[in-house]
Each structure stands twice: as structure tokens, then as C-alpha cells.
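Novice: Protein chains in written order, with full-length UniProt numbering: chain B, 1 to 377; chain F, 1 to 186. Cβ coordinates follow ideal geometry from the N, Cα and C atoms, glycine included.
1) Shortest alpha-carbon distance to residue 298 of chain B belongs to which of B:228, B:153, B:249?
2) Quick one: measure Cβ to Cβ for residue 288 of chain B and residue 237 of chain B, integer angstroms, because I've assumed they're closer than 8 Å.
3) Is DSSP giving residue 81 of chain F helix, strand or coil here?
4) If the criterion is Cβ atoms closer than 8 Å, does the pair residue 88 of chain B and residue 118 of chain B meet it?
5) Between the Cα of residue 191 of chain B and those of B:308, B:155, B:266, B:120, spot the shortest distance and give me the residue it belongs to.
6) Quick check on residue 396 of chain B - is its C-beta less than 8 Å from some C-beta in chain F?
7) Using DSSP bridges, identify the partner residues of residue 31 of chain F.
8) Using only the alpha-carbon positions, how far apart do residue 308 of chain B and residue 223 of chain B sit?
9) Can you give me the Cβ contacts of residue 148 of chain B inside the same chain, cut-off strictly under 8 Å, excluding the 5 residues immediately before and after it?
10) Alpha carbons only, please: which of B:250, B:219, B:242 is nearest the one belonging to residue 233 of chain B?
11) Taking the C-alpha atoms as reference points, what is the distance between residue 271 of chain B and residue 264 of chain B?
12) Using DSSP bridges, identify the partner residues of residue 230 of chain B.
13) Can you give me the C-alpha to C-alpha distance between residue 87 of chain F and residue 85 of chain B, rounded to a whole angstrom?
14) Beta strand (DSSP E) containing residue 344 of chain B: first to last residue?
15) So, is the C-beta of residue 69 of chain F closer than 8 Å to a C-beta in chain B?
16) Strictly by DSSP, which residues pair up with residue 388 of chain B?
17) Assess, as a yes-or-no matter, whether the region 322–331 of chain B is touched by the region 169–183 of chain B under the definition of 3 or more beta carbon pairs within less than 8 Å.
18) Beta-carbon separation of residue 226 of chain B and residue 278 of chain B under 8 Å?
19) Are residue 73 of chain F and residue 74 of chain B touching if we call contact CB-CB under 8 Å?
20) Just to make sure I have the definition right: I need the residues of chain F whose C-beta is within less than 9 Å of the C-beta of residue 134 of chain B. Which are they?
21) Between the C-alpha atoms of residue 67 of chain F and residue 81 of chain F, what's the straight-line distance to the nearest angstrom?
22) What residues from the region 56–76 of chain B come within 8 Å of chain F, judged by C-beta to C-beta, listed N to C?
23) Going by C-alpha distance, which of B:241, B:78, B:112 is nearest residue 352 of chain B?
24) Is the number of C-beta pairs between the region 196–210 of chain B and the region 344–364 of chain B that are closer than 8 Å three or more?
25) Distance check for residue 161 of chain B and residue 183 of chain B, CA to CA, integer angstroms please.
26) What is the residue span of the alpha helix (DSSP H) that residue 44 of chain F lies within?
27) When the cut-off is 8 Å and only beta carbons count, does residue 86 of chain F lie next to chain B?
28) With DSSP as the reference, label residue 140 of chain B as helix, strand or coil.
29) Note down the Cα distance separating residue 79 of chain B from residue 104 of chain B, rounded to an integer number of angstroms.
30) Nearest to residue 154 of chain B by alpha carbon, out of B:247, B:360, B:123?
31) Output needed in chain order: residues of the region 77–106 of chain B with a Cβ under 9 Å from some Cβ in chain F.
32) State the start and end residues of the unbroken alpha helix (DSSP H) segment that holds residue 169 of chain B.
33) What is the rounded straight-line gap between the Cα of residue 27 of chain B and the Cα of residue 137 of chain B?
34) Could you tell me whether the Cβ of residue 82 of chain F comes closer than 8 Å to any Cβ of chain B?
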């Protein structure tokens, strides 16, 4: 029979303080689990009242450095990490000098290549210097991220590539977003959207009432410099009765959005096509409302009006856009869609159904056809 | 109408008996390991199942948030230490290779016999006789804790016996093998 160790007399507030619920975006990637039931540390250490987190404002969290002099292994570890950090910063200084020397010289292809190599090396060193720092790791884990620093950019990109990105790609390929709307997708940007201040997983079904107002878009890029992006929202599953096929419908178009690692919202763009709320008609299967973020390789796009009959592929090739991020959600007809047609769109609501089945055993008048088999006697 | 059954019936009874005996009999189902009809009374299956499904999972230590952070920091510092060591070794090797390469290039410019022999290298690799090969048992005389390496002064004779020739290679010829002392010097 197991005997439980007696709980120490810890102030109730310490037991009550829960780990802040992490947003959808961050998955707990540890294998060792934090045991929240016991606030008792390991045997060789003594609880000091300073260690317990007693925050006055529970919303704001700050890293508390672990006191030295208790765990010798930890002390040595910290010492070594800080030493390594100093070394790395020395190397960064040297590289900075080299870069300065190059900037005085003329820029030809060779020098550009060498500068690129130097900048890559500098980025790597900057990341390596800070990535082992426990404060940085704690900050990242608790969503206190400063994207202007290379470490956080690196950690975020790494986390995105290991968790949310494979999931997104799986959903996109399973739902055939890739061949239907985009020819190919190799995302370098994490495109996310929120309905009612809640992040939505790619591919999830949404209720039409919820999507009447445009979603809050978050474009998480990993480059320092500001680049111009185009955002589109497209529904590829609108029925085309004449061609007995489907047609694409445009829902949203914003061009010339300045985006960088530190600027993640879509302000500052030209809204060419105002947001049209999704309206899947009755009788059709679910619709995939896809959002795409394209990098404008030709700089600013001057556009006054949108040709709504244009295909996505044509649009992309016309303006030399490069697909950098995509996501989607799905919707199906609801009673609220009728009100959207009436109030928001002001058009007659179409109701689709399958074409009538032809019964081959009845002739034109509706009577039963004579038997096809000749009777033999 | 003839069918293939008629061929068999044409055979004599003795030959049919021979055929029946030569046909290979398949293993009974209970003997095939892993099959559902296997011999359940065989204890080996029980033992295997117990090992697979009933051995207790090793319990991970219960850590608080702070403990986990400390553990991670220590782990990262150790891995960083090993990584730095590895990088140092790699850089050393790279530098050595670079120097070797440069030396060879310089030698090539001289266009000498030395360069050609350097490129050919030593095709016949011979291990020195006195090189220690790992043995399964320790030596009978034990470990010489009082060993002192030969002095670095080149004028001083390395061996106490002046009649003996000076060792050209201090590693090769410093200590004669015990078997050599028994040999009759020619």
C-alpha cells in the first residue's frame, strides 16, 4: 500500500495559482509532465518563501530567476551557459566588423553572396547565444514573445513547423484545397484567423451567423523587413449549373498590406473587394472558404476594381504573386444563410438539388415499358 | 466427355498409394506458432504476454515547474558542452587538413621527388612490433606505477647501457620486450 507524503503547510494562494491556459497555437511539447498537485520540490531543496509565486496582478507574468547556491549542478549549468553566451557575442562582434568592411566596398555578385553568408552566420550565432537562457525559454513558453529578437523568431518558426504546420498541410491536402484553388503550397508564413476572438483550426466547420463579420487575420511572418502582401478569400464550391460544374466566388481582397515579423495584423492595406459573408446555398455540400496570403514580388499593386469572373490562378500570374500562407474553414447551409441572402446580399436565395432520376423502365408517357426479353415457348 | 478425374482413376491402386504417401503433409495448426489454434498450454506464450503487457511502466519523477526548468537547463548546458567539444575537435581536424593541403601544394611547386613520394604515401602499412595490442588478461608483472618517461635532453644517453645503440624512436625502442632478453644476441 502506498503512503502519500503529507502536504506541507503551503499558503492556499500558491495552490490556487494555475498555469495560464496556453492559446491553441502553443502545444506543450514536454515529455516530463509538470505535477501540479504537489508544490513540494525535490528532497535536497528547502522551500523559501521567495520561490513561491505570489503575484499581485495575475494577468502579468514575469520570469523569476531561480536562486543559486541550492543545486550545484544548476549553478554550474548557468555558469557555463552564460560563458557560452559571452563567447557567442564576441563572435557576433567579429562578424559585425567583417560586415562593416564589406559595406565600404562595391556591391557585386560575389560580395553579395559573401554578405548573405555572413548574415546567416550572424543570425545563427544570435539564436545560439540566447536559446539556452532559461529566461528566454520561459518567456517563449508563456507567450511573452518579442519578434524583433532572432531567438524568438527562431523558436516560433521551429514550433510552428513541428506542430501546427503539418496539421494544416494534412487538412489542406485532404480537402483538396491545393489542386482546386492553389496549384502548390509551401508556406513560409503562419496565416491564422479568429472568429469572435477565438482562433479557428484550419478546416473546421463554422456556423454562418458567426462569419457574417470578417475574421481577425493574424499573419505571422518570420522576416524582419517589411514586405507587401495580398490577402484573398475564395469559395471554390459555388455551383455552376450551365457547365454542370463548380465555380469560384470571391469573398475578400486586400492588397498592399505591409507585413513583417513585428507587424502581424492586416491594417494598412487597400481593400479592393469588401468582405462578403459566406453563404453556402441549400442543396450543395459543404463549402471550403479559403484564405490565401500572397507576397507581392513586384512591389505595390495599383488596382481599383476587381474582375469577379477571374480565376485565382489568373489573378496570381497577372500580378506576379507568390503564395506564402493559406488556411481555410468549412460551412454548410443553415437557416441563418437565408437571412444573409435577404439582409446582407439582397439577392434571391438559390436552392439546388440533384437532377431528376430517369427511370428506364417507364416510357415517355409514364407507362411501364414492354418487356425487353422475347418469350420463348 | 473426358474430365481430369478420369486420368486419376486410370492409375493402379499401388501407384495411387505411393502418390498419397509422397504428398507432403502440412503442419497441424496447433504447431504453427502465433496461430489462434496454437497450443495454449505452452507456457512460453504466457510468459511472453506477461512481459509484453504486464510489466509496470517506469514511473517518471514528479517534478514541479521549477524543478523541470532546472532539469532542462542542466540538460541543455551538458549538451552544449558536448557540442562545443565536438566543434573544437572538428575545427582542429579541419585546420590540420587545410595545413596538410597547403603544404602539399607548396611542395608541388618545387616539383621534386619528395612531392611524388608524398603523394604515393606508404602503401605498405606495418604496425610496430612493440605496439600494445589489447589483451584479455592483465600482464603478470602488473602496472608499472613508477615509470618515468625518458628525459627530453637529447645529449644525455637514453639508456643506462652505453654499449647498446641509442633508440631512434623513443616510443618504439625504449623498452625491450621481456622475451628479447632471453634471446642469444647474435
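Specialist: For this structure:
1) Nearest in C-alpha terms to residue 298 of chain B, of all of B:228, B:153, B:249, is B:228.
2) 6 Å
3) Under the three-state reduction of DSSP, residue 81 of chain F is assigned to helix.
4) no
5) B:266
6) In the structure as shown, chain B begins at 1 and stops at 377. Residue 396 of chain B is therefore absent and cannot be evaluated.
7) Its beta-bridge partners do not exist; DSSP assigns none.
8) So the alpha carbons of these two residues sit roughly 32 Å apart.
9) Once the five neighbours on either side are set aside, the close Cβ partners of residue 148 of chain B are 224, 261, 262.
10) Nearest in C-alpha terms to residue 233 of chain B, of all of B:250, B:219, B:242, is B:250.
11) 17 Å
12) B:294
13) Computed Cα separation, rounded: 16 Å.
14) From DSSP, residue 344 of chain B is part of no beta strand (DSSP E); its letter is neither H nor E.
15) yes
16) In this structure chain B extends from 1 to 377, so residue 388 of chain B is not present and cannot be described.
17) yes
18) no
19) yes
20) 69, 70, 72, 73, 76
21) 21 Å
22) 66, 71, 73, 74, 76
23) Minimum Cα distance to residue 352 of chain B is reached at B:241.
24) No: fewer than three Cβ pairs fall under 8 Å.
25) 21 Å
26) 43–54
27) no
28) In the three-state scheme derived from DSSP, where H, G and I count as helix and E and B as strand, residue 140 of chain B is classed as helix.
29) 39 Å
30) B:123
31) 77, 78, 79, 80, 81, 84, 87
32) In the DSSP assignment, residue 169 of chain B falls within the unbroken alpha helix (DSSP H) covering 164–174.
33) With a pLDDT of 41 at residue 27 of chain B, under the threshold of 50, the predicted position of this residue should be treated as unreliable, and no value is reported.
34) no
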